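Since the structure comes first, as structure tokens, the remarks are kept for the end.
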Amino acid sequence: MPEPLRRAVHQYVAEAVFNCFEVLRYTEPDVAHDWKRMTLYRSTDAADVLTMASMLIAAHCERTGMAPDTLRYYLQTDYQKSRADAREMNRARAQVAGLLGEPAPEGDDRVLAMRYAQGQHRAEDALTPEDDPQKLLTAACLYGLSAKLCDDVDALNSYLSPQMAAMARKVADALEIPQPATL
């Protein structure tokens, strides 16, 4: 991968990770008043930024001679879903109904029934980050990184569980803010 492209992709990924952190942050009780607006803003921002990274890579691949069929296959264009697609929204509604234990959608649409069942399954098997080591580590890394960058490690105790706050603090403590090189 050419160095300028690599740097641009890294920048986009870092921006997407920060947006993902913001999604997690706005699920915490101390900012609950804004959760609907901000989780939607930041999750769509993250998706859009990752799309920009994908398209940069795709443009480079196209420029260097990748076959159009191969490029479409790698981009998984058959699976691309639009946030504005009414069918996708109906499917999401069915999954939310399953998550929240509401009645299943009426009718014989197999996809809606499947999404409803997925929602039920996720609700039954949902693990808090504290129950799943991989989720715990991921969340702690995001919270710790953000706290370190904002120089606000002490605030972790105000909105995280004690176990999550302790782990995020360890992550923050392990990070060093790079200093400019001295000549």
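In UniProt numbering, the protein residues as written are 1 to 183. Ideal Cβ placement from N, Cα and C applies to all residues, glycine included. If you're wondering where the values come from, they're calculated on a predicted model, not measured in any experiment.
Problem set entry | Beta-carbon separation (whole angstroms), residue 105 vs residue 94, contact threshold 8 Å | 5 Å
Problem set entry | Whole-Å CB distance - residue 117 paired with residue 98, under 8 Å assumed | With a Cβ gap of about 6 Å, residue 117 and residue 98 count as contacting.
For this session: Would you give the residue range spanned by the alpha helix (DSSP H) that residue 170 belongs to?
Result: 162 to 174
For this session: Could you say if the stretch 139 to 146 and the stretch 156 to 167 meet the contact criterion of at least three C-beta pairs nearer than 8 Å?
Result: yes
Problem set entry | Segment limits, alpha helix (DSSP H) that includes residue 180 | Neither: residue 180 is in no alpha helix (DSSP H) and is coded neither H nor E.
For this session: Put residue 26 into one of helix, strand or coil per three-state DSSP.
Result: coil
Exercise. Residue 4 by DSSP, collapsed to three states: which one?
Worked result: helix
Exercise. Straight-line CA distance for residue 79 to residue 176?
Worked result: Residue 79 and residue 176: Cα-Cα distance of roughly 40 Å.
For this session: Excluding the 5 residues preceding and the 5 following residue 53 in the sequence, name in chain order all residues of the same chain whose CB lies nearer than 8 Å to its CB.
Result: 8, 9, 12, 13, 16
For this session: Return the first residue and the last residue of the alpha helix (DSSP H) that residue 105 is part of.
Result: No alpha helix (DSSP H) contains residue 105, which DSSP labels as neither H nor E.
Exercise. Do three or more CB pairs link the stretch 37 to 46 to the stretch 61 to 69 at distances below 8 Å?
Worked result: no
For this session: Mind checking which residues open and close the alpha helix (DSSP H) that includes residue 150?
Result: Here residue 150 belongs to no alpha helix (DSSP H), and DSSP marks it neither H nor E.
Problem set entry | When 58, 146, 157, 155 are compared against residue 174, the one with the closest alpha-carbon | 146
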